[in-house]
Ligand SMILES: [Zn+2]
Ligand SMILES: [Zn+2]
């Protein structure tokens with residue numbers, strides 16, 4: 009099978025690798041669609057993530073879908089020919105976090121496209137059936153692949169405990185921001201504001217139903233929110249990792265409101281006005297990856313409350329993955345998808 013391996017910063021090589029065979033509880037998936045994630049682009053551009061370095065060839069890609077072509081002896085519930093989406097993290101299933109269901113916090117998770125675990129920019133992936141989900145006919149694999157970023161949005165919305173009629177602000181109109189905004193609306197949010205620095209992305213947020221779009225290069229976000237929402241929003245979700253956006257996320261909730269941080273800042277430390285956090289009694293929460301979200305994401309796509317196709321800007325074949333990554337890194341691109349077959 010062909011696999012696109014990242015061998016160093018800005019360098020993919022398409023290599024012929026042995027087709028994996030599924031273990032007892034695994035299925036073999038013939039991969040058809042894989043989204044290009046911001047984290048993939050980061051690995052591609054720098055050959056590293058913080059102190060983790062690509063010292064062996066690494067297959068990127070963790071937003072994948074395809075078709076089951078083989079099943080292990082102990083697999084039931086999935087059959088050859090099923091269209092499926094693949095949850096990229098396989099936790100240990102034994103630690104305290106796993107046993108409580110918060111398996112996104114498992115310290116021993118094998119997560120696709122991180123050193124030690126190859127991702128999905130290849131023709132076949134063998135994966136535990138427990139983390140592979142059948143897609144209904146209404147959800148093409150191209151959209152099913154985006155259950156991963158949608159899951160990040162769903163998890164953030166759950167962390168924010170968004171209720172019916174709540175006002176919500178989402179920082180960032182990238183894939184996570186747009187899908188989190190959709191998930192917030194699906195959870196019953198009232199007015200949803202979206203903030204970004206790229207006009208075309210804000211336009212897209214409005215097309216998708218944002219009630220307020222704020223360009224933070226031109227407008228003071230806190231002032232705009234106070235004007236539109238009185239004392240502030242019920243919940244704010246940060247999906248950029250940009251330090252000024254993180255600061256604004258802690259500024260915009262009403263007293264007693266919630267701020268959920270999803271984006272990773274380039275440096276861990278961002279100045280915080282602790283006096284304000286206390287005085288306004290904010291709930292500030294981290295949101296890391298996701299757990300127990302795939303069935304939810306699939307049903308959201310199935311009933312059409314989320315337009316995953318609408319965030320896709322372009323598709324490219326596996327053989328042109330280098331060009332596709334260059335394009336995905338452009339500021340106005342929300343999502344690129346690699347077609348593997
Ligand atoms: Zn992703
Ligand atoms: Zn665990």
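Residue numbers (my numbering): 9 to 349.
The beta-carbon is built from N, C-alpha and C at its ideal position, and this holds for glycine as well.
So what's residue 78 in DSSP terms, helix, strand or just coil?
In the structure shown, residue 78 sits in a strand (DSSP, three-state: E or B).
Assuming residue 247 and residue 320 are in contact, meaning their beta carbons sit under 8 Å apart, how far apart are those beta carbons, in whole angstroms?
Contact doesn't hold; Cβ gap of about 18 Å is too wide.
Please confirm whether any heavy atom of ligand 2 lies closer than 7 Å to the CB of residue 297.
no
Within 10 angstroms of the Cβ of residue 48, are there 16 or more other Cβ atoms? Answer buried if so, exposed if not.
buried
Relative to the alpha-carbon of residue 154, which residue among 60, 260 and 45 has its alpha-carbon at the smallest distance?
45
Is residue 343 buried or exposed, if buried means 16 or more other CB atoms sit within 10 Å of its CB?
buried
For the beta strand (DSSP E) that contains residue 64, what are its first and last residues?
Secondary structure note for residue 64: it is in no beta strand (DSSP E), with a DSSP letter that is neither H nor E.
By alpha-carbon positions, which one of 186, 54 and 9 ends up nearest to residue 334?
54
May I have all residues whose beta carbon comes closer than 5 Å to any heavy atom of ligand 2, sorted in chain order?
99, 100, 103, 106 and 114
Can we count residue 32 as close to ligand 1, meaning its CB is less than 7 Å from some heavy atom?
Taking the Cβ of residue 32 as the reference point, every heavy atom of ligand 1 lies at 7 Å or farther away.
Kindly indicate which three-state DSSP category residue 236 falls into: helix, strand or coil?
helix
How far does the beta strand (DSSP E) with residue 141 in it extend, from its first residue to its last?
Element bounds for residue 141: 140-142.
Who are residue 294's beta bridge partners in DSSP?
269
Return yes when at least one heavy atom of ligand 1 lies under 7 Å from the C-beta of residue 156, else no.
yes
Straight-line CA distance for residue 104 to residue 231?
43 Å
Over what stretch of residues does the beta strand (DSSP E) that includes residue 201 continue unbroken?
200-204
Pick from 256, 95 and 188: whose alpha carbon is nearest that of residue 367?
Nothing in the structure corresponds to residue 367, since the chain is present only between 9 and 349.
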